[in-house]
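Trainee: Structure incoming, see below.
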Amino acid sequence: MNNNISEMLTSSLEKIQRMVDVNSIIGQPLQVGDGVTVIPITKLHIGVGGGGTDFATKNSIASKKDPFGGGLGAGVSVDPVAFLIVKDGSVRMLPVAEPASTTMDRIVEQAPDLMDKVADFLDSRKEKPEV
């Protein structure tokens, strides 16, 4: 049995590579209605960690050929990011945003709508004649 951490890591990364392909990031197009196609877009996170040692135990001495101990772990996470909506020759991106978790996040999230409302209000005041 060959106990080589480099070979274990290479083998694990090859298996992850076979499991993850471009369809993990840009999903298969879905026909959802009259000429409407939805394409999911995701974010992929991959984590790999490993370790090893070469040591003597109470049952073997350090000079024994290939004393070894090691471990390897890996994880994959896929998070939705957006959807591409294709309709009548035009493409629109619909982002999947995480909900605001703090007050500051909520303020920043609402700022564009607030600015639009202020601009609309100022425009409506300019249109009305002064009495």
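Quick note: to get the working numbering, add 4 to the position in the sequence shown (first position is 1).
Think of the CB as a built atom: it goes at the ideal place given N, C-alpha and C, for glycine as much as any other residue.
1) In three-state DSSP terms, what is S105?
2) By the DSSP assignment, the beta strand (DSSP E) with D83 in it spans what residues?
3) Under 8 angstroms by Cβ, that's how I've got I50 and I29 pegged, so tell me the actual separation to the nearest angstrom.
4) Would you call the CB atoms of L13 and G77 closer than 8 angstroms?
5) For Q32 and S15, what's the separation of their Cα atoms in angstroms?
6) What would DSSP say about I30, mapped onto helix, strand or coil?
7) For Q35, which residues does DSSP report across the bridge?
8) Under 8 angstroms, do L17 and V52 count as touching if we go by C-beta distance?
9) Taking the beta strand (DSSP E) that V95 belongs to, which residues open and close that run?
10) How long is the line joining the alpha carbons of T106 and P116, rounded to whole angstroms?
11) Is the separation between the beta-carbon of F59 and that of G75 shorter than 8 angstroms?
Mentor: In this structure, then:
1) Here S105 carries a coil assignment [DSSP, helix/strand/coil].
2) It spans G73 to K91 - the beta strand (DSSP E) in which D83 sits, taken as one unbroken run.
3) Going by Cβ atoms, the distance from I50 to I29 rounds to 12 angstroms, so no, they are not a contact pair.
4) Contact: no.
5) Distance between Q32 and S15, taken at the CA atoms: about 28 angstroms.
6) Residue state, collapsed to three classes: strand.
7) In DSSP, Q35 forms a bridge with T41.
8) Yes, they are a contact pair.
9) Membership of V95 in the beta strand (DSSP E) is indicated by the continuous run S94 to P99.
10) If you take the alpha carbons of T106 and P116, they lie about 17 angstroms apart.
11) 8 angstroms or more divides the Cβ of F59 from the Cβ of G75.
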